[in-house]
Every structure is written in C-alpha cells, then in structure tokens.
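Step one of this worksheet: look at the structure below.
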Amino acid sequence: MRKLKYLDYWLFVPYLILSLFGIVMVYSASADIGSQNGGSPGSYLMKQLFFVILGLAIYTFMVLMNLNKLRDKKILKYASVIAIGSLLFLLIIGKTINGAAGWIRLGPISIQPAEFVKFYLIIWLAHVIDRRQDAIAIEGWWAVMLRPVLISAVMIGLIFIQPDLGGATINASIVFVMLLSSGFNWKRAITYFLGAILVVMGIIFPLAVKISEMGFAKNIYQLQRVVAFVNPFEHSQGVGQQLVNSYYALSNGGILGVGWGNSIQKTGYLPEPNTDFIMAILAEELGLITALGVIALLFLIITRTVLVGIRSNSAYHTLICYGAATYLTVQTLFNLGGVLGLLPITGVTFPFISYGGSSTWTLALVMGVVMNISARQKRYRATH
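Using my numbering, the letters of the sequence shown map in sequence onto residues 1185 to 1568.
Okay, here's the thing in structure tokens:
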C-alpha cells in the first residue's frame, strides 16, 4: 500500500480525466443508436460505466501488485496458450462485427482477444529480451530471438486473418519497437519499414484506385476500406460513407463545436459514432479546441510513459514502458488517421474515449503496470 504514496499524478490524472470524459462522450455519441437498436438511450452509457469502473479496479490491482509475478514462467506459458488458443477459437466461431470475426460473445458483452494480446506481447517480450541480453551479445540476435519472433508472428498472423488489419498492425508495431530495443540492427529495420511504406504508396493505393474504377471490391470488406480512403466522395453512398460523414462532422464542429449532444452525424449518418469515429462526434459537438485538449492529455501520458522508461534502471521496466508508449501512439495515430482521411479506416478505437470493454481493460492493464514502475522509481528516490 506504500505505493499509493508515490502515485505519479502526471500519469494518473490524465488517465482518470480521459476515462471519465470517455463515459460522457460515449453517452452523447450512442444515445441515438441505442434507441434505434431497440434499447434505451443510456444502454451504451451503462455498459461503458461498468467497463470504466472495472478498469479502475484492474488499474489499482496492477499498481499494487508485485511486478515480478508477471515474470513467472508458468503464468507466461499459460497466458501464451490462452492467447493463441483464443485467436484460433475465433477462426471457428468468432462473432463477426464490421467484417472481422474478432469477438467472443460472453453474455451481454463481447471480448476482443486481439486487445489483450497487446498487453501480453509487451509483458512477455520485455521479460524475454531482459533475460536474454547476455545471450544475444554472445550467440547473436537471430540465434536467441528467432523463437520469440516466430511466436509473435503467429499471433499477429492469426489477428490479421480475422481479418483485423488495425489490430495486427498495432501488435506488430509493439513487437517491432521492442525488438529494436533488444539490439536488432535498427538501420536494416528502418530500411525494411520505409520499403514497406513505398510499396504501399506506390503499388497498393494505385491498385486500389484501379479496382475502385472496375468495381471489383464490392464483396471484400478490407479492400473496400482502402478504396474508400483513396476516393471517398465517389463512394459516398457506399464504402466511403464513414469518411465523408466524418468530414461533415469535423466541418460542422469548427473551433468551438455545435454543443454537447447536438451532433447531426451521430443520428444515423455516421456509422460507429461511439467507437471508431467518436473523435469526429467529439469535434462536431465540442469543437477543435476540445479535441486538441483530449489529444494533448493523451500525448502527456505517452511522453510521461517514455520518460519513466528512460529513467528506469531496469531493462525490463524500460521495455514495458516503450511497448506501452508504442501501443498508445500507434493506436491514436491509426484512429485519428482514419477520422481525418489520412489513413485507411482500420476499425481502431481511440484510447480511453471510445466505447468498448476489451480496449478499456487492456489500457487499464498497461497503464497500471506503467504506474507501478513509476511508483517504484519515486519510492526508490525518496528512500535513497
């Protein structure tokens, strides 16, 4: 309990503000669709309230626990079996939402295993890399890290074929950054990364334009999203509807917004207003200034997480913080990129603000561990 004396308020206060503000925005964004789906206007509100309350309990538990328990071999082994097993299970009877069979139905809620894989990969890779630093120096990077790389690739591949491009890319980014921190040749890695971007920009997007013109993407959901990104207004009554209406929401909101609860686009024009496109509704109702304020709070959490990692004298703790910062950064960029039309829509939620139990609880797990690390640092400095 002494850890509570050393809470990092630069982490906790933004986390609490964003979580509570997310409840408010979920209610505003979902009231209409809740009624349209035969429920009450507050149905999504009550679920999100439950998600956040349980998330705070998870967060507190992770802050107070002994982090060495996360390094127990049996726990990591069982977690790996559960992660891979649940992803394989999805391929058989996973619930399909927005073209991806990525959810396991448990009563009134749906669990998305790809979200929890993010937490597992951060904790597991941090442990593996920390324990094998000497072996990497002696035996070489590939000889030591090939097995962890293959296990990570299997998990990411299972997420990709759901198909969940957004979840697969975020998990891959976490693995990529943490492997760079393990001594992998960063020059070669960056060359591969830039090469992949050039392939996407030079081949895939022009191909999407041609496919769009020929009308071959009608039955391929993920390809439709690329087509919508390339030319949204030409498909404004179909696959481009989300992005076009997102533009309308941003335009309507302007600097100060039209007022909380007064969004037009959430009344049936913009699909997924409480999840993927909640930032468009936020910007429409509360304006650019409030949207930038939310992004600033999230940026504060990310930078503080990186700073905690830099200050740590434990490679294990440092790697966890770098993985957590990567997770938050990439997920934020993917969501905002989709809302602004800078990236294809990938179905990625905005951290802390969007509706969803799996994302809320995964964020609680990750941020609770980062807070634990920060509290340990503050206690050490206070007692030495």
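We treat Cβ as the ideally placed atom computed from N, Cα and C, and that holds for glycine.
Source: prediction; values computed, not measured.
On the DSSP bridge list, what partners appear for residue i?
i     : result
R1135 : In the structure displayed, the chain extends from 1185 to 1568; residue 1135 sits before or after that span and is not available.
R1563 : R1563 pairs with nothing; no bridge assigned.
Measure the Cβ-Cβ separation of residue i and residue j and say whether it is below 7 angstroms.
i     : j     : result
S1336 : L1503 : no
Y1506 : V1210 : no
I1343 : A1298 : yes
G1541 : I1293 : yes
W1325 : F1360 : no
I1462 : A1213 : yes
I1320 : V1333 : no
S1579 : V1490 : Shown here, the chain extends from 1185 to 1568; a query on residue 1579 therefore has no answer.
N1458 : Y1193 : no
I1439 : G1471 : yes
E1456 : G1437 : no
G1206 : F1536 : yes
I1358 : T1533 : no
K1302 : T1474 : no
A1464 : V1514 : no
Q1425 : R1495 : no
I1485 : P1225 : no
N1355 : I1345 : no
V1247 : G1552 : yes
A1548 : G1239 : yes
Could you tell me if residue i is buried or exposed, where buried requires 16 or more neighbouring beta carbons within 10 angstroms of its beta carbon?
i     : result
G1379 : exposed
N1429 : buried
K1450 : buried
I1322 : exposed
F1235 : buried
A1401 : Because the pLDDT of A1401 is 46, which lies under 50, any placement of that residue in the model is unreliable, and the number read from its coordinates should be weighed accordingly. Per the 10 Å Cβ criterion, buried.
N1556 : buried
Q1317 : exposed
R1488 : buried
G1443 : exposed
N1519 : buried
F1245 : exposed
Y1243 : buried
V1427 : In the sequence under discussion, the amino acid at residue 1427 is Leu, which differs from the Val named in the question. Buried: at least 16 other Cβ atoms inside 10 Å.
A1508 : buried
L1466 : buried
F1300 : buried
A1241 : exposed
I1217 : buried
Y1262 : exposed
L1195 : buried
L1363 : buried
Ordered along the chain, which non-local residues of its own chain (more than five positions away) have a Cβ less than 7 angstroms from that of residue i?
i     : result
G1399 : Legend: pLDDT at G1399 = 49, less than 50; position of this residue unreliable, value from coordinates given subsequently. So the list is empty, once near-sequence residues are dropped.
R1255 : H1311
I1448 : N1436
I1201 : L1481
V1550 : F1303, I1306, A1508, Y1511
Excluding five sequence neighbours on each side, which residues of the same chain lie with their C-beta closer than 6 angstroms to the C-beta of residue i?
i     : result
R1315 : none
R1563 : Y1190
L1271 : P1297, L1342
L1204 : none
When DSSP labels each residue in this structure, what does residue i get in the three-state scheme?
i     : result
S1294 : strand
W1444 : coil
G1341 : helix
G1399 : In this prediction, G1399 has a pLDDT of 49, which is less than 50 and means its spatial position is unreliable; nothing more can be read from the coordinates.
M1362 : helix
E1323 : helix
Y1453 : coil
G1541 : helix
N1355 : helix
F1235 : helix
V1428 : helix
M1149 : Absent from the model: residue 1149. The displayed extent of the chain is 1185 to 1568, so no value can be given.
T1502 : helix
H1311 : helix
Leaving out the 5 sequence neighbours to the left and right, which residues in its chain are closer than 8 angstroms to residue i when beta-carbon positions are compared?
i     : result
S1264 : Y1304, W1308, I1335
L1527 : F1413, L1517, F1518, G1521
G1445 : S1212, A1215, E1469
A1566 : Y1190
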